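Q: In this text, residue positions in the sequence shown follow our numbering: the first is 887, and each later residue adds one.
From the three backbone atoms N, C-alpha and C, an ideal C-beta is built for every residue, glycine too.
Computed from a predicted model, the values in this text were never measured in an experiment.
Encoded as structure tokens, here's the structure I'll be asking about.
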Amino acid sequence: MTGLAIYGELNDGYVFKTSIGLAKSLLHEDCQVLASLGKKLAFEVAVGVNGVVWVNSKTTKNITIISNAIMNSEAMSPSEVDAMVSRLVEDADDA
């Protein structure tokens, strides 16, 4: 994570709303779901403290995986997050 805070237009990608708690956890440097996703996929993410999240990646399939992983990670332990991300990526590769 770069921690870059440049404001501007976010082209392409997908925007969705999360809880404020999840948004705050996504802003931490040690965010498990973003770290796990980053090991498997290249993507960009912008997170607002208001719970709005923007993600972008090379393919629509990757954007869907990333969005689903983020939304599903809120109540998971770090090991569950790792397993979920691996499963989502593997299932998408099989499709």
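1. Given a cut-off of 8 Å on the beta-carbon distance, is the pair residue 1039 and residue 951 in contact?
2. For residue 955, which of helix, strand or coil comes out of DSSP?
3. Going straight from the alpha carbon of residue 914 to that of residue 959, what length do you get?
4. I need the straight-line Cα distance from residue 909 to residue 947, nearest angstrom please.
5. Can you tell which of 945, 916, 923 and 912 has its C-alpha closest to the C-alpha of residue 898?
6. Return the first residue and the last residue of the alpha helix (DSSP H) that residue 933 is part of.
7. Please classify residue 935 as buried or exposed, where buried requires at least 16 other C-beta atoms within 10 Å of its C-beta.
A: On the basis of the supplied data:
1. Shown here, the chain extends from 887 to 981; a query on residue 1039 therefore has no answer.
2. Here residue 955 refers to the residue found at position 69 of the sequence shown. In the structure shown, residue 955 sits in a helix (DSSP, three-state: H, G or I).
3. The sequence position of residue 914 within the sequence shown is 28, counting from 1. The sequence position of residue 959 within the sequence shown is 73, counting from 1. Going from the Cα of residue 914 to the Cα of residue 959 covers about 14 Å.
4. The sequence position of residue 909 within the sequence shown is 23, counting from 1. The sequence position of residue 947 within the sequence shown is 61, counting from 1. Cα-Cα distance, rounded: 22 Å.
5. As a working mapping, residue 898 is identified with position 12 in the sequence shown. With distances taken between Cα atoms, residue 898 lies closest to 945.
6. Counting from one through the sequence shown, the residue named residue 933 turns up at place 47. Per DSSP, residue 933 belongs to no alpha helix (DSSP H); it is in the beta strand (DSSP E), 929-933.
7. The residue labelled residue 935 in the question sits at position 49 within the sequence shown. Flag for residue 935 reads exposed.
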